[in-house]
Amino acid sequence: MTKTLLFTAFEPSGDRLAASVIRRLRAEHPDLSIHAWGGSGMAEAGAKLHENTVEHAAMGLGAVAHVRRVRRIQKAILEWSSRHRPDGLIPVDSPAANFPVCKALHPRGVRVVHLAAPQLWAWAPWRSRKLRKCTDQVLCLLPFEPEWFASRSIPARFVGHPAINRELDMPAMTAEVDSFQEGEPRLLLMPGSRNQEIDRNVPLMREVSRTLMARHPHMVIAMTAVDEERKRRIQACLGRHDAIELIVGQRDAALHWSQLVLAVSGTVTLDIMRHGRPMVGVYRTGPVGSIGGRILLTTPNRLLPNLIAGNRIVPEFVPHWGGSGPVCTEVDRLLESEDLRRRQVDAIQKSLLPYQGKEFAREAANSIMEIVAD
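And the structure:
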């Protein structure tokens, strides 16, 4: 009998994550009926897309409009599910949007597999009770997560991470690097892709750059932008007189070129780890966000490399409210010491050992089919 799977994602990152798994499922189980509320990536991978639920997330909406939109989408998903009764629900992101759907469908016998573990260990451990009642398995992208969930009687499995096990195209990267600025030391700035990230972190990175360039006259600095629209926003934050080269879209080549990276916290730090580059992590917030983050976040480390390693191997300022001085000091320490850079990279490589042999799409697809077939 043909199995029916329903994927639900509300963020562009969730769309990308789900797309790789859907593509794998399509290749190995062509008879599957796969439906989605998500994005274009999921549709291109082979899912029947009922509504694009990630476009407005990328644009940004007011709080009231966002809540109304999510409730309307939840209603549409539940109405469709009542008519078609999927065998499996695979929520990908946004616990606030996905949990009500899981809560409604799981008691009806729909198997629920969370395709990325909600980061309850970081900010909301009390919500584990709610998750336990509405999931059959949580697929974890970070190696320490299964133990955390298991201690709360939530079935969990480590499946690797797509950012770490993807292949790097060395010839292409080398060719692209030839067009970048030459010189040493080479610092790469990665301010993120969301408008708020750019607006808050680019000015801080600009301040750090100016201080470092005064200390290191031959220093070369570049900054990444995911597309031309973000490039224009970054330029507006930088002003006209900053000697910072903007690299659009060529993330792998930029990392290959770099000797040290100053990056916002998030998945981008996994790309930096994949390339074996030393880094400093930062995420600038407003004063309220900084205080709230320190109260709500329950882990001593917030940067992914430190979470994976289980200790602080990378300097981090997450959240950060204040001047550029402390950040600049840590970046300069790494610039001045090849030994510190080498030791950090060695620690990064050691922390990545659990990912060896974990091909994300394969592991996730197999886990989903095991649960649905059970």
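Take the working numbering: the final residue in the sequence shown is number 549, and no numbers are missing along the way. Quick reminder that beta carbons are idealized off the backbone N, C-alpha and C, glycines included. Because the structure is a prediction, the values reported are computed rather than measured.
* **Residue span of the alpha helix (DSSP H) that contains Met398, given as start and end** => Segment Val395 to Ala400 is the beta strand (DSSP E) holding Met398; no alpha helix (DSSP H) there.
* Sort Leu343, Gly414, Pro392 and Glu320 by Cα distance to Asp446 and report the nearest one. => Leu343
* Asked: In chain order, which continuous runs of the alpha helix (DSSP H) of length 4 or greater are located wholly inside the stretch 298 to 370?
  -> Runs of alpha helix (DSSP H) with 4 or more residues, each lying fully within the stretch 298 to 370, are found at 303 to 308, 320 to 325, 337 to 340 and 345 to 352, listed in chain order.
* **Helix, strand or coil at Phe185 [DSSP, three-state]** => coil
* Does the count of Cβ pairs from the stretch 405 to 422 and the stretch 446 to 459 closer than 8 angstroms reach three? -> no
* To do: Could you tell me which residues DSSP puts in a beta bridge with Val288?
  => DSSP lists Gln312 as the bridge partner or partners of Val288.
* Which residues in the same chain have their Cβ closer than 8 angstroms to the Cβ of Val334, if we skip the five residues on either side of it in sequence? -> Leu314, Cys315, Leu316, Lys533, Phe535, Glu538, Ala539 and Ser542
* Asked: So is Val502 buried or exposed if we call it buried at 16+ other beta carbons inside 10 Å?
  -> buried
* Select from Arg302, Leu306 and Gln294 the residue whose C-alpha is nearest the C-alpha of Pro318. => Out of Arg302, Leu306 and Gln294, Gln294 has the C-alpha closest to the C-alpha of Pro318.
* Under a three-way DSSP split, which group does Gly441 fall into? -> coil
* Evaluate contact between the stretch 494 to 514 and the stretch 340 to 358, counting only Cβ atoms and requiring at least three cross-stretch pairs below 8 angstroms. => no
* Take Ala397 as the anchor and find which of Pro270, His391, Asp417 and Trp296 has the nearest alpha-carbon. => Asp417
* Asked: To the nearest angstrom, how far is it from the Cα of Gly468 to the Cα of Asn476?
  -> Because Gly468 sits at a pLDDT of 48, beneath the cut-off of 50, its placement in the model cannot be relied upon, and the following sentence gives the value as read from the coordinates. If you take the alpha carbons of Gly468 and Asn476, they lie about 12 angstroms apart.
* Asked: Under three-state DSSP, which class holds Ala418?
  -> It is coil, neither helix nor strand.
* Report buried or exposed for Pro282, applying the criterion of at least 16 other Cβ atoms within 10 angstroms of its Cβ. => exposed
* Counting pairs of beta carbons, one from the stretch 481 to 498 and one from the stretch 357 to 370, are three or more of them closer than 8 angstroms? -> no
* Hey, Arg307 and Ser328: beta-carbon distance below 9 angstroms or not? -> For the pair Arg307 and Ser328, the CB atoms are nearer than the 9 angstroms cut-off.
* With a floor of 3 residues, list each beta strand (DSSP E) that falls wholly inside the stretch 220 to 260, ordered by position along the chain. => Counting only runs of 3 or more, we get 223 to 227.
* **Selection from Arg375, Gln434, Glu219 and Tyr530 that minimises the alpha carbon distance to Trp516** => Residue identity check: residue 516 is Arg in the sequence provided, not Trp. Closest option to Arg516, Cα to Cα, is Gln434.
* Asked: Helix, strand or coil: which one does DSSP assign to Leu435?
  -> strand
* Asked: For Gln524, which residues of its own chain have a beta-carbon under 7 angstroms away from its beta-carbon, when the five flanking residues on both sides are left out?
  -> Gly451
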